[in-house]
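Visitor:
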């Protein structure tokens, strides 16, 4: 049975030592965000994740969700009780506004607790996660009345939320969607249509489910310009704002999926279901995309979380399993064989995963801190920078981190040999659950296109230029220290190669946009590697400073060893990506479609 | 429902035009191996694979195998009937010796039919595949009487076979195995112990199951020097050689696995089961390894096969699914959107898979042809070369091709977006089934170690030197033609980089064997890429010659376009692998085991 132990030491290192999130307290909004409270919350979340959620992970995978003849859905044994604890302990409101009953703590706090829940039980963590996401849309686009009506119970988690975008004939291309909304005399709408792949679409854990639904108001323009966003509650509300009459929105089927079996992925049928417009007519995508950016960050975090839990179990196995002898002579002479962690190729897979995980954690946490700073920082220029960076980093965190997490979970499974393939050992589930993260909230190819086709060029390329300048300044500031020189060299080289790729794409994407499209995923990986190189350089500087100040905590020296692996062994991929990008569209597009 | 259509044109191109297997007919052994017969057999096999096996693939995945209270096992609905057709049509004997009832055709013939069966239904194809493998061990090491007793019915498939190696505490490290064999007065042995992960260990498709079992004879030396190989039939044979009394070897459980559900993966319990020694006492591994080399080739082929069927279905979906518009303007103006095959990143994934598949097919078929030539060629030097090359190529075909097939099946699944994650569409199964190929018959890390630690150095590095000379000569012979110049340049560059890596490993592995271990998987991938570069260069020369001779069959020009993708877009990985190798063991091994 796989285990999960939240990497509290590493989380706190990133949050407190590298990112200094304690300084957020100087802003009025976060005046109560003191580090003692943070530690208490992290401890509580770690305990809940390890003791309650992790043991339910295999249960969820094995049982899945069950749809009954009346359209109701039962979640796996234990999920309902665990969710009750989430609600009762106010876990979902950690970073939600106090006016709706939240604790108002920085987003980076709930990123850490969210990572833990997702690592322990990804399918479960989606129920609260999607609820926070749906609440976000109401927060962004809803009327004061809508906020007052829905947000308090979505903040506690008494009500959960969903996003209803995809239809059978349209996923990425939302302009094709057909679900129809007919205006009613009372200002509400009647929605009719079918949505598919709706995570947490129906279940037995909450009093009500608040569906956010994209639909086309009768007579609206075609394509993406005619899409509106609606609130469609499972139960309409009675006069006192509680769940009342059933709304005709129902689960028609549950999909049988490769993974995340514990989350009900529903076909949702809307048959004249009552809905309430969020914001303006035909402006639904704007709100949806703000919410989706946050969701994309959350998906990147799911990748990290699965990679981390897979890593932890692989380490345990590699230390326990005795098989073969070290190439450099026995390390466990008393035993019948050495633990397989002595073998360089097993180490390679573990180091690759560890270096990736720790770098990704820093990157995701930094990005979430930028979200927090964007809401409080006094300097407009700085807030603009936060927004610029988030624009760049969101597709990278979603696309690069989940792509790489797929590879690392597979490597961690590989360490188990034949046992990795047997469901009982749990490694298969980590791989299968991770798989969806490359697909939903915009497939990774779409992330790459968003990065290359939109984010790079926005405001004349301001975002990347600013980031490059920041990196240059960081390297210059830290170039005196020989002990971190490899990190600075690695970062500088990465930045230069990324710049070369950027220039190539800019020049050649102009003459033929397919040149940009054909190199987009390679470019996204280059930016992922460069971002991680920056994070590793920052972490190395922090760790080295602690060592120089006399700390003899192994944590710091191990951090540097892990980072050196990243620089020496993972950055070489940049050359391969760059070379591929520079071949352009021609070799990719030359074959006629009929010849495939 | 996924489909499979055997790529007959490509198979015949490789076999007849590139490898000229028709010339095998000049050897007496293959006098009847004419190309008309080959075509008829390929057609028949293609039809059987598409029409009978492919529709059973999802059935097998969904139903799995069922173990009953008495230890008997039922295979998925339809498997038994399909297997009956295999037996009745003599498909398993295609390349088996005529003296045991086979057709005696070259191995490369059955490689092609095996690829088809494996692509259509990997879990099913393992039953005949393992039987051929077990028969091979008896052919290599068995007494004339054992051969006469077992091989005829294993050649028809009336009896199936298994390999029993792994025990709960030992997989890779066979020296640890405990299954005990006690000599009996009549020359037989009684075997006691437990084996796990035994594919096709018990089922309902054949009259008898012939288990090949590694065990330790009482009093044998410890470790690998005390392992013997036994035949343990499920039913002992009566006087006329038919299945008689039940032998106490039974299936204790079926494993619940990530994939290949249609194949019964059994825990096998031997309780004083009667067994017969193959060859000499304590020399069991020798026979087992010869057989395993062939099995490893077969596993590489499974990787190719799954990658090919995944590719075929991804192409269909990419042509059907309308979503978004081409970056260079609409390609399907009359429709609501363009088929997604217009998008460069979708193309990239399809081209990568296609270029890999076609290169791998050539490599595997070439290697199998070397097996055939090794048995018939008049020149001892040539036969030695065949053996040398097979030593090098076997771990590459097993390790590199399955590693890469994992990535390509995931890419093909990705093309389906959300539908790729839904079991109904079948793409998940291809990924899940492929996963085992990286593990069994020696995990891919073991293949890499076999290559770097054993195969490279054997006979003073003769094998690779010979291959390098062959490549140099090939490049020199074909350097005049501008139309294939990119292929020659790519091949030459690949060979030079591989040589650089080889030199580095030789020099630095001497001082510290972990230097070789830490770079072994990267090296295996470099050799995979270089081997494919050689195959692509050969195919390009053949295709260009056809074009130059006036052919206007698009097949040839498309072949060159696909190969150019390989050279331009896939060979750049060599640099990344080389750079990683040259960092050596230090960054991989620096962290203390306790610090993971």
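Chains as they are written, first to last, in the numbering used here: chain U, 1086 to 1681; chain V, 1086 to 1681.
Note that CB positions come from ideal geometry on N, CA and C, so glycine has one too.
Kindly indicate if chain U contains any beta-carbon less than 7 angstroms away from that of residue 1508 (chain V).
Guide: yes
Visitor: State yes or no: is the beta carbon of residue 1218 (chain V) nearer than 7 angstroms to at least one beta carbon in chain U?
Guide: By this cut-off, residue 1218 (chain V) is not an interface position.
Visitor: Using alpha carbons as the reference points, say which of U:1282, U:1292 and U:1321 lies closest to residue 1337 (chain U).
Guide: U:1282
Visitor: Excluding sequence positions up to five away, which residues of its chain have a Cβ less than 7 angstroms from the Cβ of residue 1171 (chain V)?
Guide: Within the same chain, residue 1171 (chain V) has close Cβ partners 1177, 1213 and 1242.
Visitor: Rounded to a whole number of angstroms, what is the C-alpha to C-alpha distance between residue 1042 (chain V) and residue 1275 (chain V)?
Guide: Outside the displayed range of chain V (1086 to 1681) lies residue 1042 (chain V), so it cannot be described from this structure.
Visitor: So is residue 1435 (chain V) in contact with chain U if we call contact Cβ pairs under 7 angstroms?
Guide: yes
Visitor: Could you give the first and the last residue of the continuous alpha helix (DSSP H) run that contains residue 1608 (chain U)?
Guide: 1598 to 1633
Visitor: Which residue from U:1339, U:1340, U:1344 and U:1317 puts its Cα closest to that of residue 1331 (chain U)?
Guide: U:1317
Visitor: If distances are taken between C-alpha atoms only, which option among U:1268, U:1428, U:1459 and U:1547 comes closest to residue 1500 (chain U)?
Guide: U:1428
Visitor: Roughly how far, in whole angstroms, is the beta-carbon of residue 1506 (chain V) from the beta-carbon of residue 1524 (chain U), given that I think they are within contact range, below 8 angstroms?
Guide: 6 angstroms
Visitor: Less than 7 angstroms separating the beta-carbons of residue 1615 (chain V) and residue 1580 (chain V)?
Guide: yes
Visitor: Starting from residue 1436 (chain V), trace the alpha helix (DSSP H) both ways and give me its first and last residue.
Guide: 1429 to 1461
Visitor: Give me the DSSP bridge partner(s) of residue 1353 (chain U).
Guide: Its beta-bridge partners are U:1280 and U:1336.
Visitor: Does residue 1525 (chain U) come out as helix, strand or coil in the three-state DSSP assignment?
Guide: coil
Visitor: Shortest alpha-carbon distance to residue 1353 (chain U) belongs to which of U:1650, U:1253, U:1433 and U:1404?
Guide: U:1253
Visitor: On the premise that residue 1240 (chain U) lies in contact with residue 1181 (chain U), defined as a C-beta separation below 8 angstroms, what is that separation, rounded to the nearest angstrom?
Guide: With a Cβ gap of about 5 angstroms, residue 1181 (chain U) and residue 1240 (chain U) count as contacting.
Visitor: Just checking: is the beta-carbon of residue 1488 (chain V) within a distance shorter than 7 angstroms of some beta-carbon in chain U?
Guide: Judged by the 7 angstroms Cβ criterion, residue 1488 (chain V) is not in contact with chain U.
Visitor: Whole angstroms is fine: what's the gap from residue 1358 (chain V)'s alpha carbon to residue 1371 (chain V)'s?
Guide: 23 angstroms
Visitor: Determine, using beta carbons only, whether residue 1442 (chain U) and residue 1396 (chain U) come nearer to each other than 7 angstroms.
Guide: yes
Visitor: For residue 1420 (chain U), which residues of its own chain have a beta-carbon under 7 angstroms away from its beta-carbon, when the five flanking residues on both sides are left out?
Guide: Scanning its chain for C-beta atoms nearer than 7 angstroms, with the 5 sequence neighbours on each side dropped, one finds around residue 1420 (chain U) the residues 1407, in chain order.
Visitor: Using a Cβ cut-off of 7 angstroms, pull out every chain V residue sitting near residue 1404 (chain U), in sequence order please.
Guide: 1678
Visitor: Please check if any C-beta of chain V sits within less than 7 angstroms of the C-beta of residue 1261 (chain U).
Guide: yes
Visitor: Could you round the C-beta distance between residue 1608 (chain U) and residue 1536 (chain U) to whole angstroms and report it? I think they count as a contact, below 8 angstroms.
Guide: 7 angstroms
Visitor: In whole angstroms, what is the alpha-carbon distance linking residue 1345 (chain V) and residue 1173 (chain U)?
Guide: 43 angstroms
Visitor: On the three-state DSSP scale, how would you describe residue 1268 (chain V)?
Guide: strand
Visitor: Residue 1183 (chain U) versus chain V: which residues are under 8 angstroms apart at the beta carbon?
Guide: Result: empty, since nearest Cβ-Cβ is about 37 angstroms, beyond 8 angstroms.
Visitor: Buried or exposed for residue 1313 (chain V), going by 16 or more other Cβ atoms inside 10 Å?
Guide: buried
Visitor: Check whether the stretch 1637 to 1656 of chain U touches the stretch 1436 to 1450 of chain U, counting contact only when three or more Cβ pairs, one atom from each stretch, lie closer than 8 angstroms.
Guide: Contact holds: three or more Cβ-Cβ distances are below 8 angstroms.
Visitor: In terms of residues, what are the limits of the alpha helix (DSSP H) holding residue 1645 (chain V)?
Guide: Residue 1645 (chain V): member of the alpha helix (DSSP H) spanning 1639 to 1650, first to last residue.
Visitor: Could you tell me the alpha carbon to alpha carbon distance between residue 1255 (chain U) and residue 1363 (chain U), rounded to whole angstroms?
Guide: 22 angstroms
Visitor: If we count the other Cβ atoms within 10 Å of its Cβ and call it buried at 16 or more, is residue 1094 (chain V) buried or exposed?
Guide: exposed
Visitor: Report the option in V:1373, V:1286 and V:1374 whose CA atom is closest to the CA atom of residue 1347 (chain V).
Guide: Of V:1373, V:1286 and V:1374, the residue nearest in Cα terms is V:1286.
Visitor: How would you call residue 1088 (chain U), buried or exposed, if buried means at least 16 neighbouring beta carbons within 10 angstroms?
Guide: exposed
Visitor: Mind checking residue 1665 (chain U): buried by the 16 CB within 10 Å criterion, or exposed?
Guide: buried
Visitor: Would you tell me roughly how many angstroms separate the C-alpha atoms of residue 1530 (chain U) and residue 1425 (chain V), rounded to the nearest one?
Guide: 12 angstroms
Visitor: Just to confirm the assignment, what range does the alpha helix (DSSP H) spanning residue 1475 (chain U) have?
Guide: 1465 to 1500
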